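See structure below.
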Amino acid sequence: MGSGNKMADLTYKEFMEDVRRRLAKLSVDDFKHIFLNKASEVHPAKRHEFLAQLNPPQMTEYVSVLDCETIMAEIADFAKRVVDGEYCDGWGWDNDYHEERDWGDESWSEEMDDFFLDARELLIGEETKLAEEAYRQLFDTLELGQEPGHLPGDPDSTNMLEADLDEQVALFCRAVYLNASSEARPDSVFEAINDYGYFAHKVTLKKIIGALDTPLPGFDAFLSAWIELLSEQNQGKTGELLREAIMLQGGVAAISSLARQYPEQYPKAYLDWLSALDPADTKSALEVAREGLSNIPRDYIIRAQVAQAIAQIGEQLGDRQLKLEGYRERFISDPSVNHLLDLYLTAFENGTFEAIRELSEQRIGELQGKSRSDYNSERNTAYVTDGIVAQTLLLGGRYERVFELCQGQDSLGWSFGDNSKPLLITFLLTVLAGEGKYSKLIGKYWEYVIRRNTFYTSQDYVKKHQKAVGLLKDNIQLTGEQEVFYLKWCLAEVGQRVDAIVSNQYRGSYDKAAELLVAMAETLANREGKQAGLALIEKYRNKYPRHIAFKNEINRAVRESGLTE
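First residue of the sequence shown? That's 780 in the working numbering, and the numbers climb one at a time after it.
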């Protein structure tokens, strides 16, 4: 099945306008060539249907008549069958979805797809009141998928549909618009969006306008009243609608005025302003972005997107100072590992690493203890996790302070949360191993550690992290006493983690325990010779002689490492 929330690339209006433009350029021979190609691809069972479509309108004997009464009766009957649970056979676990779901006849989704098309036909046929009623009944029926016993299949029932729900919600809102009096339209459309807008990725006025290629009556008056209504709301989602309406009514001049007057209330207006500029006009973009950075509160996460515009211009122009300016302000407003990496790497390029490191550490100190505010996506404020704090300190060369963070932290729970131990231990293994020949498992475990708890799992992210660590290692010189201390600490911590996992029989983590153990063995092999590393491995084989699954994971990791070659 397709996804019901798949966003259309073009609205219906844009699509039809583009079709007309392209048709105007085609010759008769072009038309013949296109239809002959289409005819060659038609399924044998559909050939008569295809031929019927080639009849000129005046020669067509069949005239389509919209049977409104039948459509509404069939939708009502369908809704009753869903309410009565006629499609469901039971409720249970699904190994594919890894959760419980309804089981039964999934043909309901095909029926609903057809009914959405019928509702659209009602609207096109100017049966607007029936179209609105049909849509409400279909959406109410789809809502039943949130409860057991109604709509079998994917736990998220919208994923069972081929219908583009973004467009269907837009068509519904269009029907509501047409049915309401001119005075009531803003309130009616706003209520419709609140009732069913969650079925779509994002309801916009542009999508409502473009759902069909006929103009909306009285739109100019509606737009002014719509802006007034949205200005009085105190809901997060209305900001997007308000900014869109202001741009539709007044263009760049209006959106820039909103940005300047209300930077705390509508900071995204600066992003709208930037998007509306000519991409080649970097001078204006820089002016707008810098103004946005000055006016938008420093703690607003959205400010980081404005800063990103400066960094992109710097990248485009090959200006490292601009890149640094953009990345610095981006990290200040939205501290993340990815943003930190861009900032530190650019600071290294510019020869200003120490100053940037000090600024970054000061910033995370300011944010520690603050929680994220979820009340409004446009006004979310910056916060830091313990993981970001550890990464900022470690990549800045402050490994001693990360060591302090590790004290009292557990040997379990490394895959989730903000435990700093896996970060520091694996980093120290890379330092203590030096340039030795055994490093496969050290590198593999390091990649696992830097990927955990982040959305940035691309190879580009990994490469940036590795580059930053390489620069860091070049600037770290451990004394002999420090090397002995940290090696002893790593051995103890690795041993405690292996013991915690294996003795408690956490089989799902045996692979990671074995890989960490062999990474530790690689470090010893590089420092003291291969036999020292193999001796460590043998110690744990003997310690857990009956844990066959763990021993198998050790053997796999050793083969991968190459320690026995």
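The beta carbon of each residue, even a glycine, is placed where N, CA and C say it ideally should be.
Quick caveat: nothing in here was measured; it's all calculated off a predicted structure.
Pair within 9 Å by beta-carbon distance, residue i and residue j
i	j	result
W882	D868	yes
G928	G864	yes
P1046	G1071	yes
V862	T937	no
S1150	P1114	no
F918	I854	no
P1076	T1160	yes
Y1329	V1297	According to the sequence shown, residue 1329 is Phe rather than Tyr. No, Cβ-Cβ distance for F1329 and V1297 is not below 9 Å.
D1197	D1165	yes
E878	P934	yes
A1090	D1121	yes
L940	D892	yes
L1251	L1174	yes
I1143	I1167	yes
N- and C-terminal bounds of the alpha helix (DSSP H) containing residue i
i	result
D1253	Q1238 to D1253
R880	Run containing R880: none in the alpha helix (DSSP H); it sits in the beta strand (DSSP E), E878 to G883.
G1274	G1259 to S1282
Q1087	R1082 to L1096
F951	L944 to N958
I987	L984 to G989
S936	Neither: S936 is in no alpha helix (DSSP H) and is coded neither H nor E.
A1212	K1200 to A1212
D809	V807 to S819
W1193	W1193 -> no alpha helix (DSSP H), and no H or E assigned at all.
N834	N834 -> no alpha helix (DSSP H), and no H or E assigned at all.
Y1224	K1219 to R1230
T1343	Looking at the DSSP string, T1343 is not in any alpha helix (DSSP H), and its letter there is neither H nor E.
I1316	K1309 to K1322
F969	R964 to Y975
Y1285	That residue, Y1285, is in no alpha helix (DSSP H); it is neither H nor E in DSSP.
D919	T907 to E922
Environment of residue i [buried if 16+ CB atoms lie within 10 Å]
i	result
Y876	exposed
T1171	buried
T983	buried
H812	exposed
T849	exposed
Y791	buried
V821	exposed
G1148	exposed
E906	buried
F810	exposed
Q947	buried
I1080	buried
Q1087	buried
Y914	buried
W870	exposed
D1051	buried
G1093	buried
I1327	exposed
H827	exposed
F814	exposed
I1255	exposed
S1063	exposed
Residue i versus the options, residue with shortest Cα-Cα distance
i	options	result
Y1319	D1278, D1290 and T1343	D1278
A818	L1250, A831 and Y1224	A831
Y1265	R1230, T1302, V1281 and S1035	T1302
A942	F978, P931 and A971	F978
G1354	Y866, E900 and E970	The first residue shown for the chain is 780 and the last is 1344, placing residue 1354 beyond what the model contains.
D1189	R1180, E946, K1200 and F1182	K1200
L1184	A1169, Y914 and W872	A1169
V1228	T1131, E900 and G1192	G1192
A954	G924, Q925, I903 and E1226	I903
R1335	Q1284, K1219 and Q1084	K1219
Y956	P934, L991 and G924	L991
N1305	C952, L1342, K1102 and R1158	L1342
A1048	K1267, R1325, R1022 and N1321	R1022
I1111	S1054, F1132, A1083 and A1126	A1083
W1225	L896, R880 and L1208	L1208
E1294	Y1285, S961 and V1273	V1273
D1253	G1213, K1243 and R1338	G1213
E912	Q1284, F814, M851 and A1024	M851
D846	E900, A1068, G1287 and D856	E900
K1102	L1119, V1085 and T1125	T1125
C-beta neighbour in chain C for residue i, strict 9 Å
i	result
T1125	Of the protein chains in this structure there is only one, and it is not chain C.
Taking only runs of the beta strand (DSSP E) that begin and end inside the segment 849-904, which ones reach a length of at least 3 residues, in chain order? You should have 867-873 and 878-883.
At which residue ranges does the segment 1107-1178 contain complete alpha helix (DSSP H) runs of 4 or more residues, listed in the order of the chain?
1116-1129, 1132-1146 and 1165-1174
- Counting only runs of 4+ residues fully inside the segment 985-1065, write out the alpha helix (DSSP H) ranges in chain order. 998-1010, 1017-1040 and 1048-1055
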